[in-house]
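Chains as they are written, first to last, in this note's numbering: chain V, 1 to 173; chain H, 174 to 346; chain P, 347 to 519; chain U, 520 to 692.
In this text, a Cβ means the ideal position worked out from N, Cα and C, and glycines have one as well.
A quick note: this is a predicted structure, and the numbers were derived from the prediction, not measured.
One structure is given below, encoded as C-alpha cells.
There are 4 protein chains.
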Amino acid sequence: MVKISNKDQYEFQGSGISGNKVYDLYLRMQEDVLDKNPDIVVVYVGVNDVWHKTLLGTGTDADKFEKFYLAILKRFKEKGIKAILCTPAVVGEKTDFSNPLDGDLNRYSNIIRDIAKKNNLPLVDLRQQFQDYYKKNNPNNEEKNILTYDRVHLNAKGNQFVADAMWNAIKAL
Amino acid sequence: MVKISNKDQYEFQGSGISGNKVYDLYLRMQEDVLDKNPDIVVVYVGVNDVWHKTLLGTGTDADKFEKFYLAILKRFKEKGIKAILCTPAVVGEKTDFSNPLDGDLNRYSNIIRDIAKKNNLPLVDLRQQFQDYYKKNNPNNEEKNILTYDRVHLNAKGNQFVADAMWNAIKAL
Amino acid sequence: MVKISNKDQYEFQGSGISGNKVYDLYLRMQEDVLDKNPDIVVVYVGVNDVWHKTLLGTGTDADKFEKFYLAILKRFKEKGIKAILCTPAVVGEKTDFSNPLDGDLNRYSNIIRDIAKKNNLPLVDLRQQFQDYYKKNNPNNEEKNILTYDRVHLNAKGNQFVADAMWNAIKAL
Amino acid sequence: MVKISNKDQYEFQGSGISGNKVYDLYLRMQEDVLDKNPDIVVVYVGVNDVWHKTLLGTGTDADKFEKFYLAILKRFKEKGIKAILCTPAVVGEKTDFSNPLDGDLNRYSNIIRDIAKKNNLPLVDLRQQFQDYYKKNNPNNEEKNILTYDRVHLNAKGNQFVADAMWNAIKAL
Numbered sequence: 001m002v003k004i005s006n007k008d009q010y011e012f013q014g015s016g017i018s019g020n021k022v023y024d025l026y027l028r029m030q031e032d033v034l035d036k037n038p039d040i041v042v043v044y045v046g047v048n049d050v051w052h053k054t055l056l057g058t059g060t061d062a063d064k065f066e067k068f069y070l071a072i073l074k075r076f077k078e079k080g081i082k083a084i085l086c087t088p089a090v091v092g093e094k095t096d097f098s099n100p101l102d103g104d105l106n107r108y109s110n111i112i113r114d115i116a117k118k119n120n121l122p123l124v125d126l127r128q129q130f131q132d133y134y135k136k137n138n139p140n141n142e143e144k145n146i147l148t149y150d151r152v153h154l155n156a157k158g159n160q161f162v163a164d165a166m167w168n169a170i171k172a173l
Numbered sequence: 174m175v176k177i178s179n180k181d182q183y184e185f186q187g188s189g190i191s192g193n194k195v196y197d198l199y200l201r202m203q204e205d206v207l208d209k210n211p212d213i214v215v216v217y218v219g220v221n222d223v224w225h226k227t228l229l230g231t232g233t234d235a236d237k238f239e240k241f242y243l244a245i246l247k248r249f250k251e252k253g254i255k256a257i258l259c260t261p262a263v264v265g266e267k268t269d270f271s272n273p274l275d276g277d278l279n280r281y282s283n284i285i286r287d288i289a290k291k292n293n294l295p296l297v298d299l300r301q302q303f304q305d306y307y308k309k310n311n312p313n314n315e316e317k318n319i320l321t322y323d324r325v326h327l328n329a330k331g332n333q334f335v336a337d338a339m340w341n342a343i344k345a346l
Numbered sequence: 347m348v349k350i351s352n353k354d355q356y357e358f359q360g361s362g363i364s365g366n367k368v369y370d371l372y373l374r375m376q377e378d379v380l381d382k383n384p385d386i387v388v389v390y391v392g393v394n395d396v397w398h399k400t401l402l403g404t405g406t407d408a409d410k411f412e413k414f415y416l417a418i419l420k421r422f423k424e425k426g427i428k429a430i431l432c433t434p435a436v437v438g439e440k441t442d443f444s445n446p447l448d449g450d451l452n453r454y455s456n457i458i459r460d461i462a463k464k465n466n467l468p469l470v471d472l473r474q475q476f477q478d479y480y481k482k483n484n485p486n487n488e489e490k491n492i493l494t495y496d497r498v499h500l501n502a503k504g505n506q507f508v509a510d511a512m513w514n515a516i517k518a519l
Numbered sequence: 520m521v522k523i524s525n526k527d528q529y530e531f532q533g534s535g536i537s538g539n540k541v542y543d544l545y546l547r548m549q550e551d552v553l554d555k556n557p558d559i560v561v562v563y564v565g566v567n568d569v570w571h572k573t574l575l576g577t578g579t580d581a582d583k584f585e586k587f588y589l590a591i592l593k594r595f596k597e598k599g600i601k602a603i604l605c606t607p608a609v610v611g612e613k614t615d616f617s618n619p620l621d622g623d624l625n626r627y628s629n630i631i632r633d634i635a636k637k638n639n640l641p642l643v644d645l646r647q648q649f650q651d652y653y654k655k656n657n658p659n660n661e662e663k664n665i666l667t668y669d670r671v672h673l674n675a676k677g678n679q680f681v682a683d684a685m686w687n688a689i690k691a692l
C-alpha cells in the first residue's frame with residue numbers, strides 16, 4: 001500500500017510486505033495504514049494470492065479474495081480514505097498466454113475490475129498495461145527480463161513503469 | 174466457535190461455518206461472536222487450514238495461522254472473554270500415522286498447544302484425545318467410520334465425543 | 347487413444363481411461379495399443395497432466411510431459427504406426443482467458459505443437475479449435491455448457507466436435 | 520538405483536537422478552539399468568513422489584506409485600535380477616511426528632512394505648531405521664542437521680547410514 005497524507009504536497013509511504021496476501025493486509029491495516037491517517041491508499045495485492053496456490057499450497061480462494069478485499073475497502077470508506085485499486089501484473093512475461101498462471105491472474109484481475117466498477121473507484125489496471133507493453137516490447141516471447149528479473153519481481157524498468165502508472169492515477173483524483 | 178452467554182445457566186450458540194480457516198474467523202468474529210457478548214468462546218479451527226493445501230491449494234501458512242490465531246485471542250482478551258482452545262482432530266482415522274496429513278495436523282496442533290501454554294489458556298486437545306480413542310477402538314486401522322463418516326466430518330459418535338470433551342473443559346473453568 | 351486397424355475400411359477402437367496422464371499411457375501402451383497392431387493412433391492427452399496439479403497435487407512437470415510424449419511417439423515410429431497428435435482442449439470455457447488453467451494448458455499445448463512440427467506429424471489443435479468455436483458460440487463468457495457439461499468433460503455437442511476434428515485429420519492422412 | 524554386476528567381487532554403479540519419481544525410473548530403466556545386466560538392483564524411490572505434491576503440484580498418486588513400482592519389479596523378475604526395496608527415509612527429522620509430510624511418507628512406505636512382503640523381496644526399511652536412529656540421536660526434536668542438512672538431502676552421516684543399511688541387505692542375499 002502507498003499512502004499519501006497530503007494532496008498538494010504528496011508524501012508517499014510504502015506499507016507493502018513481501019509475500020503478503022489480501023488477508024494479511026486486512027490483519028495489519030489498522031496499525032500499518034489507518035493509524036497514519038492517509039488521504040489516499042493504493043491497494044496492490046493479488047499476485048501471491050494466486051501464485052502461492054502452486055508454490056506453497058497456501059493461495060487464497062477467489063471468493064475469500066473478494067470478501068477480504070471488500071472488507072478492506074469498507075474500512076477505508078468509513079475513514080474517508082480514497083482508495084486506488086490495482087490488478088496483479090504478472091507471473092511470467094510471455095505474450096502468447098502460456099504463462100502457467102495467466103488464466104488465474106486474469107480471473108483475480110476481473111474480480112478487482114468488477115469491484116472498482118461497482119464501487120466507482122479508480123483502477124490502475126497493471127495487468128492490462130503490462131500486456132500492452134509486452135506486445136510492443138517483448139517480440140521474442142521471453143518469460144522474464146522485460147519488466148521483471150525473475151518472472152515476478154520488478155526490475156528497474158518495471159518499478160518505473162508501475163510508479164508512472166500509479167502516479168497517473170493519483171494525479172487524476 | 175461455541176459461545177456461552179451465561180455461566181450459571183449455559184446458553185450455547187454455534188458460530189462455525191463449513192470450510193472456514195483461521196482468517197475467516199478473524200474476518201467475521203466481530204459480527205458473529207463479539208457482538209453477542211459471550212462469556213466463553215470455544216475456538217475450534219485448523220483442519221481446513223491444513224487440508225485445503227492439497228485439496229484446493231488454499232491452505233494457511235503455519236506462521237500466518239499462528240498470527241491470526243493470536244489476533245483472535247487478543248480481541249477476546251480485550252473484551253474479557255474466556256477462550257478455550259482446541260486442536261484439530263483428524264483427516265483420516267488410521268492409527269499407524271499413515272494418514273497423509275497426520276504430520277501437518279500434528280504441526281498445527283503443536284502451534285495451538287504452545288499458544289495455550291504461553292497464554293495459560295485451557296486446551297481441549299482433540300487431536301490427542303482422538304488418537305487415544307482410536308488406540309482402543311480402531312483395531313483394524315480403518316481410515317473412517319470410527320468417529321467420522323468420511324475421514325473428516327464427525328458421525329454421531331464423533332459429535333458426542335467432541336461435545337463431551339468441550340463440556341469437560343467448560344465445567345472446569 | 348483411438349486406433350484404426352485398416353485404412354480403407356476404418357475400424358475404431360477407444361483406449362482412453364479417465365484420469366490418465368501421459369505416463370499412464372506410456373505404462374499401458376504395449377498391452378492396450380501396440381498389441382492390437384493399429385495403423386493409426388490418435389494421441390489425446392494433457393488435460394489431467396495440468397488439471398491434477400491443483401486438483402490432487404499430482405500433475406505432470408512440463409519437461410517430464412514432453413519426455414514421456416516423445417517416448418510414446420518413438421515406440422509408434424519403431425512399429426510403423428502413424429500418430430496424430432491433439433492439444434488438450436479446455437478446463438473452463440470462458441473466452442476472456444480467465445479460466446484458471448488457461449495459461450498452463452496453453453503451455454502444454456505449445457509443447458505438443460512443437461513436437462508435431464519438429465516430427466512432421468499431423469496435429470488436431472483442439473485447444474485452438476475450441477477457442478475459435480467459443481468466439482462465435484459463447485457470447486456470454488460462460489464457463490461451461492457450451493462444449494462441456496462441467497468445464498472439462500464433453501457434452502454431446504463437444505463429443506461431436508472432437509469426433510469431426512479427429513476425422514478430418516484421419517481423412518487427410 | 521544401485522546396481523551390482525558381480526556377487527563375489529561387488530561392483531557398484533549409481534543410477535539415481537535428482538528429482539526422479541517412480542515413473543521416471545520406469546521410463547529410463549532399460550537404458551540406465553537393464554542394459555548393464557546387473558545382478559542386484561537396490562530400488563530407492565518415493566521421497567519426490569510425496570514431496571513434489573506440495574512443492575510443485577506434481578507428486579505421484581498412491582495407486583499410480585504402486586502400479587509403476589510393480590511394473591519395474593516385473594521387468595527385474597523377467598531378467599532374473601534380484602531387487603532390494605527401500606522405504607523413503609524422511610522430509611524433516613522431527614521425532615514427534617510433526618514433519619508436515621510424515622503421514623504421507625508413512626503411507627507410501629506402507630505400500631512398499633506390502634509389496635516387499637507379498638513378493639517375498641528384501642526390504643531396507645530406511646524410514647523405520649531413521650526413526651529409530653532419531654529416537655536416540657535427536658533429543659531436541661530438530662527438523663534437520665541430524666542425518667540431513669536441509670530436512671531432505673543426506674549429510675555425510677546420513678549417507679554413511681544409508682550405505683550401511685543397504686550393504687547389510689546386500690550381504691544378506
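Quick one, which residues of the region 245-276 of chain H are near chain U if we go by CB-CB under 8 Å, in chain order?
-> Across the region 245-276 of chain H, CB contacts with chain U closer than 8 Å involve G265, D269, F270, S271, N272, P273, L274, D275 and G276, in sequence order along the chain.
Touch test, the region 529-538 of chain U against the region 449-458 of chain P, Cβ-Cβ under 8 Å, three pairs minimum | The way I'd put it, the region 529-538 of chain U doesn't touch the region 449-458 of chain P; fewer than three beta-carbon pairs between them come closer than 8 Å.
Work out the CA separation of V396(P) and P100(V) for me, nearest whole Å.
-> If I take the Cα positions, the gap works out to 9 Å.
Separation of V42(V) from Q128(V), as counted between CA atoms | Roughly 17 Å between the two C-alpha positions.
Under the three-state reduction of DSSP, which class applies to F97(V): helix, strand or coil?
-> In the structure shown, F97(V) sits in coil (DSSP, three-state: anything other than H, G, I, E or B).
For S444(P) and I319(H), the rounded distance between their alpha carbons | Cα to Cα, the separation comes out at about 42 Å.
Those residues which DSSP pairs with K255(H) across a bridge | Paired residue(s): I213(H).
Could you tell me whether any Cβ in chain U is nearer than 8 Å to the Cβ of R280(H)?
-> Output row for R280(H): interface = yes.
How long is the line joining the alpha carbons of D409(P) and T95(V), rounded to whole angstroms?
-> Each residue's CA atom was taken as its position, placing D409(P) and T95(V) some 21 Å apart.
Residue interval of the alpha helix (DSSP H) (run including Q131(V)) = Note, Q131(V): alpha helix (DSSP H), L126 to N137.
Which residues does DSSP pair with T148(V) in a beta bridge?
-> Note: T148(V) sits in a beta bridge opposite L154(V).
Taking contact to mean at least 3 C-beta pairs separated by less than 8 Å, is the region 597-615 of chain U in contact with the region 629-644 of chain U?
-> Yes, the region 597-615 of chain U is in contact with the region 629-644 of chain U.
Return the Cβ separation of L25(V) and V45(V) in integer angstroms, given the expectation that the two are a contact with Cβ distance under 8 Å.
-> The pair is a contact, with the Cβ atoms about 6 Å apart (cut-off 8 Å).
Leaving out five residues on either side along the sequence, give the residues of the same chain with a beta carbon under 8 Å from the beta carbon of K144(V).
-> Here the set comprises G92, E93, D150 and R151.
Neighbourhood of G192(H) by C-beta, 7 Å cutoff - its chain only, sequence neighbours within 5 removed | Within its own chain, the residues whose Cβ lies closer than 7 Å to the Cβ of G192(H), once the five positions on either side in sequence are excluded, are N221, listed in chain order.
So which residues on chain H does G16(V) lean against when the C-beta distance must stay under 8 Å?
-> Going along chain H, no residue has its Cβ under 8 Å from G16(V), so there is no contact; the nearest lies around 16 Å.
Alpha carbon to alpha carbon, how far is D448(P) from L553(U)?
-> So the two alpha carbons sit approximately 40 Å from each other.
Distance CB(T573(U))-CB(G403(P)) smaller than 8 Å | Yes; because the gap between Cβ atoms is below 8 Å, this pair is in contact.
Supposed contact pair V22(V) and F65(V) - C-beta distance, whole angstroms, cut 8 Å | Their Cβ separation, rounded to whole angstroms, is 5 Å, which keeps F65(V) and V22(V) in contact under 8 Å.
Assign G578(U) to one of two classes, buried (16 or more other C-beta atoms within 10 Å of its C-beta) or exposed (fewer than that).
-> Burial call: buried.
Tell me whether the beta-carbon of I115(V) lies closer than 8 Å to the beta-carbon of Y69(V).
-> It is a contact, given that the beta carbons lie within the stated cut-off.
Start and end of the alpha helix (DSSP H) containing G103(V)?
-> Start and end: D102 to K118.
When Cβ atoms are compared, which residues of the region 387-401 of chain P fall closer than 8 Å to chain H?
-> The region 387-401 of chain P vs chain H, Cβ under 8 Å: T400.
For A165(V) versus L126(V), is the C-beta distance shorter than 8 Å?
-> A contact, by the Cβ cut-off of 8 Å.
Give the interface partners of L110(V) over in chain P, defined as CB-CB distance under 8 Å, in chain order.
-> The amino acid at residue 110(V) is misidentified as Leu; the sequence shows Asn. Going along chain P in sequence order, the residues near N110(V) (Cβ under 8 Å) are D442 and S444.
Could you tell me which chain U residues have their CB closer than 8 Å to the CB of G57(V), listed as they occur along the chain?
-> Under the 8 Å cutoff, chain U gives T573.
Buried or exposed: N159(V), going by 16 or more other Cβ atoms within 10 Å of its Cβ?
-> N159(V) is exposed by the Cβ-count criterion.
Sequence-distant residues of its chain with Cβ nearer than 7 Å to D277(H) (five each side left out) = Closer than 7 Å at Cβ, skipping near neighbours: V223.
For Q30(V), the first and last residue of its enclosing beta strand (DSSP E) = For Q30(V), no beta strand (DSSP E) encloses it; the enclosing alpha helix (DSSP H) starts and ends at V22 to D32.
Extent of the continuous beta strand (DSSP E) run through Q355(P) | Careful: Q355(P) lies outside any beta strand (DSSP E) and carries neither H nor E.
CA-CA distance, L673(U) and F680(U)?
-> So the alpha carbons of these two residues sit roughly 9 Å apart.
Under the DSSP definition of a beta bridge, which residues are partnered with T231(H)?
-> The secondary-structure analysis by DSSP pairs T231(H) across a beta bridge with T58(V).
At a CB-CB cut-off below 9 Å, which residues of chain P make contact with L546(U)?
-> The contacting residues are Y369, Y372, K410, K413, F414 and A417.
Give the interface partners of D61(V) over in chain H, defined as CB-CB distance under 7 Å, in chain order.
-> The answer, in chain order, is L229 and T231.
Cβ-based burial, A608(U) [other Cβ within 10 Å; buried from 16] | Answer is buried; the Cβ neighbour count reaches 16.
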